[in-house]
Amino acid sequence: DAKTTQPTSMDCAEGRAANLPCNHSTISGNEYVYWYRQIHSQGPQYIIHGLKNNETNEMASLIITEDRKSSTLILPHATLRDTAVYYCIVRGNAGNMLTFGGGTRLMVKP
Amino acid sequence: NAGVTQTPKFQVLKTGQSMTLQCAQDMNHEYMSWYRQDPGMGLRLIHYSVGAGITDQGEVPNGYNVSRSTTEDFPLRLLSAAPSQTSVYFCASRPGGSGNNEQFFGPGTRLTVL
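The listed protein sequences derive, respectively, from chains A and B.
In terms of this note's numbering, the first sequence has 26 at position 25, counting the first letter as 1, and numbering is strictly consecutive.
In terms of this note's numbering, the second sequence has 40 at position 11, counting the first letter as 1, and numbering is strictly consecutive.
Pasting the structure below:
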């Protein structure tokens with residue numbers, strides 16, 4: 002699986018957009034980009050995934066660069082409940098489970 | 030649906046004791062897995078299963094055994110607990126096949142080994 006690099010921590014003001022970057026320069030053609038988050042000791046929660054097109058769902062948007070070497074998760078209007086550790090994971094769809102790195106600790110402040 | 034359930038929520042063991050962490054899912058998912066999470070760290074894969082009767086090792090399998098006799102259940106056995114196994118254990122499941130790799134996680138079991 003391709004390795005990912007994320008900032009250790011970020012702050013965001015409540016109500017503003019939170020933009021979380023992820024670098025995955027060694028991603029291969031059949032690997033997807035997944036985002037999960039973990040809110041204070043709970044089990045991780047799936048947010049969104051994509052291959053090469055931008056994706057949007059009710060939780061977030063995922064922007065993947067054209068060369069697929071990096072991506073950005075966007076929470077359009079961050080709330081205090083979005084404070085969590087966000088994991089960017091690159092994985093093919095078949096076989097083994099996900100490999101989690103250190104993630105980005107997002108702190109949403111009033 | 031209850032989703033993924035784990036028991037117990039908390040457990041304290043003495044070094045050398047054995048125990049089984051239970052995991053069950055009611056979504057008819059083929060794939061199930063066990064992760065451990067040490068303080069301030071990301072999750073690491075212990076063992077996984079792609080269907081009943083099939084298991085394989087993950088990143089950190091030593092000291093743990095698994096079996097998958099039914100689709101619903103995937104217990105994790107600690108053979109002889111050690112302080113290094115103090116951690117939070119998460120079970121997860123997902124549908125089989127290629128396509129969406131969204132995994133559903135349980136609430137975790139917090140294990141302390143003295």
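For each residue, glycine too, the CB sits at the ideal point set by N, CA and C.
Between the C-alpha atoms of G103 (chain A) and N57 (chain B) there is a straight-line separation of about 30 Å. Scanning its chain for C-beta atoms nearer than 6 Å, with the 5 sequence neighbours on each side dropped, one finds around P124 (chain B) the residues H58, in chain order.
Taking a beta-carbon distance threshold of 7 Å, P8 (chain A) does not count as an interface residue toward chain B.
Annotation: the continuous beta strand (DSSP E) that includes L105 (chain B) extends over 105-107.
Inclusion of L76 (chain A) and A19 (chain A) in the CB contact set at 7 Å is warranted, their separation being smaller than that value. Of the residues A:T5, A:N54, A:T105, the one whose Cα lies closest to the Cα of D83 (chain A) is A:T105. Annotation: the continuous beta strand (DSSP E) that includes A121 (chain B) extends over 116-123.
Look at L72 (chain B): its C-beta is under 7 Å from a C-beta on chain A. Spatial neighbours of P111 (chain A) in its own chain (CB-CB distance under 6 Å, excluding positions within 5 residues in sequence) are listed in chain order as E15.
Your pair G87 (chain B) and Y77 (chain B) checks out as a contact, with CB atoms roughly 6 Å apart and the cut at 8 Å. Looking at the DSSP output, K110 (chain A) sits in a beta bridge with A:A14. For Y88 (chain A), the C-beta contacts it makes with chain B under 7 Å involve G71, in order along the chain. The criterion of a C-beta distance shorter than 7 Å is not satisfied by R17 (chain A) and A85 (chain A).
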